[in-house]
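Take the sequence shown: its position 88, counted from the start at 1, is 88 in our numbering, and no numbers get skipped. We treat Cβ as the ideally placed atom computed from N, Cα and C, and that holds for glycine. To keep things clear, I will list the structure first and then write my remarks on it.
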Amino acid sequence: MAHSLWKFIDDRGTFTSDDAHRINTLYFPLCNASGIMSSVSPDLHGDIKTDFNSFLLEPVSRVLLNNLRSSRNFWVHIGPKKIWSAAGVSKEPNRLEDKFQMEAGLLWHKITRRNKKIGLKAEITSFVPAGKEPVEIMRVDITNISSRPVKFIPTAAIPLFARSAHNLHDHRHVTSLLQRVKTTKSGVIITPTLVFDETGHRKNLNSYFVCGFDEKYGPAQRVFPTQEGFTGEGFDLEAPEAVFKNLPPPGNVQGKEPMGAFRFRSRILKPKESAHYTLVMGIVNDRAGIPGICAKFNDKTKTEKALMENRSFWQDRISSIRINTGDRNFDNWVKWVNTQPALRKIFGCSFLPDFDYGKGGKGWRDLWQDCLSLILNDPEEVRPLLMNNFRGVRVDGSNATIIGKDPGEFIADRNNISRVWMDHGVWPLLTTQLYMHQTGDLGILLEETDYFRDHQLSRSGEIDTRWKPEDGKSLKAKNKEVYKGTILEHILIQNLVQFFNVGPHNHIRLEGADWNDGLDMAPEYGESVAFSCMYAQNLMSLSEIIERLPVKEISVLKELGLLLEIITPMDYSDMGAKNKILREYFQSACRQVSGEKISLKKTDLIDDLKKKAGWISAHIRQKEWLPEGFFNGYYNNDKERVEGRVRGVVRMTLTGQVFPVMSAIAGDAQIKQLFASCRKYLKDKKLKGFHLNTDFKDEQLNLGRAFSFIYGDKENGAFFNHMIVMFAYALYKQGFAGEGYEVLDSIYRMALNTKNSKIYPCLPEYFNAEGRGMYSYLTGSASWFMLTLVTQVFGVRGEYGDFLIEPKLSGDQFRNDDTLSISANFAGKDIQVKFINPLKKDFAVYSIKNAVLNGKQIAKNLKTPRLLIPRGTLLASSGAITLEITLD
Ligand code: G1P
């Protein structure tokens, strides 16, 4: 294998690879907003679906990616010994002589195979049109690369599944009996009679289809609508008898495993001449629409146009953030990272081959964090999304766990297990705060919306057996009307409830788990010091935000008064008293609320929040700094401290360090020390990345499943990018730019080290102990990476609506050029900020000296780390804006 798996070939993120077909775990995402989601591997394996119950091609996970029943193929039959698969999936040895290349960009995929012996070159381009059509297009171009005419019979072959992923094993055969096939002039349409579900069968509304077109001769001569009719008794899709023996389709086609195979008219190509075929594969509700959809893609000109539109659509989507660092690989790689949050918006956390646990939807914390980068790209688009998300908050401060695709589609838990995650209350404020800073729209806090209500009460401590789905999913007041509270009230509840929800060491209880889903075995007495830090930060941020609100009084739900010292006197060091207050609050509010509001003096509320924040911070500072030189982040279900030296083994988590730094609970000296400890205990000597934790050498059945995973994978010590990137963010935030850069850069280096990472350009969820990238594309780390890069490294962000520039660039980042630039969308303007650093100085020594806006000097001879430009100044400039910042 060449030393790099792929290389970028332009400045639009396009890359090529000569070796991708040697790695069986590689896949590429294709999708559009209509809900079509595909994965495509270098030999065109991978599935196509719209949701868990609607798979056009058989569902695949990472280890089954080369499953033949989910492979798109195109056969060329020249003679009995000259049979060739243009996708490279064949029992015939001819393919071993193929010269392979793949090329991909935002968001299309092309493979080229040339075979001198066969005398042909095949280019197969796959994409999902950017419009509303729920289809994947596969365009096949066959060219004669020999010096003689080549005659061949072309056959397209798409094995279909056409049902729910549930039926992969469950009632696989029975569900094939439901398949009803209709062959049309240009294709195959499968409309199963039922959605097979023993809890209640339903009439199936989906139609699954494949249509095929020969550019020259139109529809196929023969259509094979079943797999067995195509393969013969061998059932071998790598040696189908329809191709190998040139057999005709069988008569009986109903109630079988379906197929979309088309034998087109035989063709003679002169040297250099090409033949073009198009396959349109899709899932629709109304099969009457299929001819109309296919008519949009039935020739090369149309697919070419659709492909161009697809390219511009994805380029546009990420165009608001553009960087120029003089490192072309980095700039291109960032384009892919910036695309990832948009991919997770479409795929959720489930629908690519690594995500075999998923049934669709996405989790609460993922939903909020994906919004971070969406806000950076286009804050206006995100406002309704934020408003809607708050409707998932329960009055006990917990929330619906899974969020479906439609607004207001909240589900308590995908597996009907009653549990809550203690960190969930943290994320909404972080995201809303970014939104408010970018837009200056503090008014969102005073908008009102519902609360979520279901059978779980008191943070799942109680189940309301009398509650029925027909009661509706909104909390009601005594008068039976749906109760609405402000967004501010929702946030207050999320954070105040947690202040009282403490365990034996007076830190916030771990409950079902925190950010680390793998810490799920300490529900009674476990505590997360790490996320207690974040609640302290949130309470402090809230006090600052409220200070800015242009009101004197804040009106909140009456019951909330129970959690405020101004109304209920309390002693914060008394855990018992805290728990009692919480119980009283739950009893008064969980089933239904009074509906009455009380008015609080803004200053009283601010004092209360500050006091609570200060109390948590001091408590952690005092109790949780360890002699080993880092913070303890957890207590287990046996009430024991988790981190520190245990029987000679140093137990340390990265999470336990990230949040004291982010929340400024750690002082500067502690940050230095804990960073040194991270280097010593967590930084991998060989791969240079930061592990999520040290090897505890023992299972932790009183803490969580994570420690039962092999060390170095997933939540047990992998290079878990989400936490690593949040570490970088925290370090930058506190002015430790050199350290932040070291951490952030480690991720990029590992991703680009394709000898180990074996992934396409993207930021995966984590790298395993061998440095292999796992779970490509769908990860919250992408959003945080963009947030860190834009708002911390380049330091370009909003501050209550004004434009702040506070670059934290290291001298090393200027190694290729003395000018770096970033373009970002702010106040509806496309703003390019250029950082000119003639002496290539480091953040530690430079300050902002001069600032020039659209050629006009706006600041001169400064010596400041940060420059705030009023929003009004930007709004007054017409067109795009260029800002030149000189650093010295
Ligand atoms: C995933 C989950 C995220 C969770 C994390 C750690 O991370 O999506 O909610 O906090 O594992 O358990 P991601 O894939 O977003 O990087």
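| Item | Value |
| --- | --- |
| C-beta contact flag for D299 and F209 at 8 angstroms | no |
| Proximity test, W515 beta-carbon vs the ligand G1P heavy atom, cut-off 7 angstroms | yes |
| I570 - DSSP class collapsed to helix/strand/coil | Here residue 570 turns out to be Met, not Ile, going by the sequence shown. DSSP places M570 in coil when its eight states are reduced to three. |
| First through last residue of the beta strand (DSSP E) which encompasses M521 | No beta strand (DSSP E) contains M521, which DSSP labels as neither H nor E. |
| CB-CB length for V188 against V150, believed under 8 angstroms | The pair is not a contact, with the Cβ atoms about 28 angstroms apart (cut-off 8 angstroms). |
| Residue range of the unbroken beta strand (DSSP E) whose run includes W625 | Per DSSP, W625 belongs to no beta strand (DSSP E) and is neither H nor E. |
| Buried or exposed by the 16-neighbour rule on C-beta atoms within 10 Å, applied to R647 | exposed |
| D331 - DSSP class collapsed to helix/strand/coil | helix |
| Buried versus exposed call for M422 [16 or more other C-beta atoms within 10 Å across all chains shown] | buried |
| E527, DSSP secondary structure in three states | strand |
| Straight-line gap, L839 to L703 (C-alpha atoms, nearest Å) | 51 angstroms |
| H490, DSSP secondary structure in three states | helix |
| Nearest-angstrom Cβ-Cβ length linking V393 and Y435, presumed shorter than 8 angstroms | Their Cβ separation, rounded to whole angstroms, is 16 angstroms, which puts V393 and Y435 out of contact at 8 angstroms. |
| Residues that DSSP places opposite G229 in a beta bridge | DSSP output for G229 lists no bridge partner at all. |
| Distance, A86 Cα to A156 Cα | 10 angstroms |
| For I153, the residue or residues it bridges with in DSSP | H77 |
| Per-residue burial, P134 [other beta carbons within 10 Å of its own, 16 or more giving buried] | buried |
| Heavy atom of the ligand G1P within 7 angstroms of F511 beta-carbon | Before going further, note that residue 511 is Glu rather than Phe in the sequence given. It does not: the Cβ of E511 is nowhere closer than 7 angstroms to a heavy atom of the ligand G1P. |
| CA-to-CA distance, S458 to A20, given in whole angstroms | 51 angstroms |
| Inter-residue spacing [alpha-carbon to alpha-carbon] between E715 and G633 | 15 angstroms |
| Same chain only: Cβ atoms within 8 angstroms of S147, ignoring 5 sequence neighbours per side | P271 |
| Closer than 7 angstroms: S904 CB and nearest the ligand G1P heavy atom | Any property of residue 904 remains undetermined from this structure, which presents the chain solely from 1 to 888. |
| Close beta carbons around Q857, own chain, < 8 angstroms, minus the five adjacent residues each side | N850, A851 |
| Span of the alpha helix (DSSP H) around N721 | 721-733 |
| Cutoff 7 angstroms; reference N144; Cβ partners in own chain excluding five residues on either side | G119, L120, V150, L269, K270, P271, K272, E273 |
| L609 to S543 span [Cα, whole Å] | 6 angstroms |
| Spatial distance of L626 from D331 (CA atoms) | 40 angstroms |
| Alpha helix (DSSP H) segments (min. 4 residues) lying fully within the region 116-193 | 172-176 |
| Residue range of the beta strand (DSSP E) that includes D214 | 207-214 |
| Buried or exposed (CB count within 10 angstroms, at least 16 for buried), S708 | exposed |
| Heavy atom of the ligand G1P within 7 angstroms of T779 beta-carbon | yes |
| Alpha carbon of K82 to alpha carbon of I710, nearest angstrom | 47 angstroms |
| Same chain only: Cβ atoms within 6 angstroms of M1, ignoring 5 sequence neighbours per side | Only weak support is given to the placement of M1: the predicted model assigns it a pLDDT of 45, under 50, and the question is left unresolved by the model. |
| Stretch-stretch touch, CB-based, cutoff 8 angstroms, three pairs: the region 27-35 with the region 112-131 | yes |
| Residues that R95 bridges to, as DSSP identifies them | DSSP output for R95 lists no bridge partner at all. |
| contact_flag[the region 857-877, the region 812-825] where n(CB pairs < 8 angstroms) is 3 or more | no |
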